[in-house]
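Here the structure is laid out as structure tokens; the discussion comes afterwards.
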Amino acid sequence: MIPVWTIVLVLQGVAAVVLLRRLLPGMRRPDPVPPRPEGLSGTTVSVIVPTLNEAERVGPCLAGLARQGEPLAEVIVVDSGSQDGTQDLVRRMSAADPRFRLETDPPLPAGWVGKVWALEHGLSCARGEWILGMDADTEPNPGLVAGVVAAAREHGLDMVSFAPRFAGQSSAERLLQPALLVTLVYRTGAPAPRPPASRLLANGQCFLVRRDVLVRLGGYAPARASFADDVALARHLAGHGAACGFLDGRR
């Protein structure tokens, strides 16, 4: 009979090999995507920000977007009936910067998650060549929009999202959020410009996709019932031939 400790060592060895195979590509992954404060011409981006009672968090997001230059063409804030002053905050921003506008989404259909429905409504209003979905608690640095589009062009991608630099307000958040991201690396491998669809990661805080590709492949509807809509949509796009990637956005 094989000793139990021998079986344990063998299993640990197999697990270590699998983990190393998934982590080693990270040694060769591209450097963090740099921002481009100087802007980027020749294209247009529509940013969609879904909100629901985000008055305490959305301010830094809107302020950061107001500092973006080209290719940002419009910021569409899709609100789902906030009662905390979120809409008033967006209206004030719109009065100061005509690129901002407030939309309210229609009643939520059966089978849709609220955030995904808001993104779908925003897509129907958008005019840019690129769609950048952004969470209300994201704080974009100057040049972020230009930087993500430049990265997509450089890597020949139709869709790209980014591993974030976390700025949690509490010690627990600073520990928990990166730890959750690391567990994804253990299961799927390190970020890479063109991973297979089944291992593609995505981050809804900063999710860029070509508008024509997104519309052709069904908009946000393929992820309508998912609470992990970013990963579900990214894998749907990649599985239908779109060039998709997950890059390092810590800068």
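At position 174 of the sequence shown the residue is numbered 174 (my numbering), and the sequence of numbers has no breaks.
From the three backbone atoms N, C-alpha and C, an ideal C-beta is built for every residue, glycine too.
Quick caveat: nothing in here was measured; it's all calculated off a predicted structure.
- Query: Would a C-beta distance cut-off of 9 Å place V78 and T104 closer than the cut-off?
  - Reply: In contact: V78 and T104 (Cβ atoms closer than 9 Å).
- Please classify P50: is it buried, with 16 or more other beta-carbons within 10 angstroms of its beta-carbon, or exposed? Label assigned to P50: buried.
- Item | Proximal residues to L123 (C-beta, below 8 Å), its chain only, five neighbours per side dropped | I48, I131, R211, L214, V215, G219, Y220
- Go ahead and pull the three-state DSSP assignment for G133. strand
- Query: Given L89, which residues of its chain have a CB within under 7 Å of its CB, disregarding the five upstream and five downstream residues?
  - Reply: A55, V58, G59
- Query: Shortest alpha-carbon distance to L52 belongs to which of P222, E154, S82, S41?
  - Reply: Cα-wise, what sits closest to L52 is S82.
- Query: Okay, do the region 60-73 and the region 95-114 touch, 3+ Cβ pairs below 8 Å being the bar?
  - Reply: yes
- Item | Buried/exposed call for G204, threshold 16 Cβ in 10 Å | Result: buried.
- Message: Classify G189: buried if its beta carbon has 16 or more other beta carbons within 10 angstroms, exposed otherwise.
- Response: Residue confidence is low: G189 scores 46 on pLDDT, short of 50, so the model does not pin down where it sits. Its coordinate-derived value is still stated next. With 16 or more Cβ atoms within 10 Å of its Cβ, G189 is classed as buried.
- Give a yes or no on whether the C-beta atoms belonging to V33 and A151 are separated by under 9 Å. Going by C-beta atoms, V33 is nearer than 9 Å to A151.
- Query: Relative to the C-alpha of D135, which residue among G239, E154, L208, A238 is closest?
  - Reply: Distances from the alpha-carbon of D135 to those of G239, E154, L208, A238 put L208 closest.
- Message: Distance check for S226 and V75, CA to CA, integer angstroms please.
- Response: 24 Å
- Message: For the alpha helix (DSSP H) containing E139, name the first residue and the last one.
- Response: In this chain, E139 is not harboured by any alpha helix (DSSP H), its DSSP state being neither H nor E.
- Message: Please tell me whether A146 and G39 are closer than 9 Å, where the distance is taken between their beta carbons.
- Response: yes
- Query: Under the criterion of a Cβ to heavy atom distance below 8 Å, does G204 qualify as lining the ligand GDP?
  - Reply: The ligand GDP is absent from the structure shown, which contains no ligand whatsoever.
- Helix, strand or coil: which one does DSSP assign to S94? helix
- Query: So, helix, strand or coil for D248, using DSSP?
  - Reply: strand
- Have a look at R127 and L200 and give me their C-alpha separation to the nearest angstrom. 27 Å
- Query: Smallest Cα separation from E154: which of A243, A202, P140?
  - Reply: Ranking A243, A202, P140 by Cα distance to E154 puts A243 first.
- Item | Under the three-state DSSP convention, the category P71 falls into | Three-state DSSP puts P71 in coil, outside helix and strand.
- Exposed unless 16 or more other CB atoms sit within 10 angstroms - verdict on P35: buried
- Item | Option in S46, A197, R91, A202 with minimal Cα separation from H252 | Nothing can be reported for residue 252, as the shown portion of the chain is limited to 1 through 251.
- Item | Option nearest R71 by Cα separation, candidates P37, E139, T138, Q87 | It should be pointed out that residue 71 corresponds to Pro in this sequence rather than to Arg. Residue P37 is the option with its Cα nearest to P71.
- Item | Residue from V149, L217, L102, L119 whose Cα sits closest to the Cα of G239 | L217
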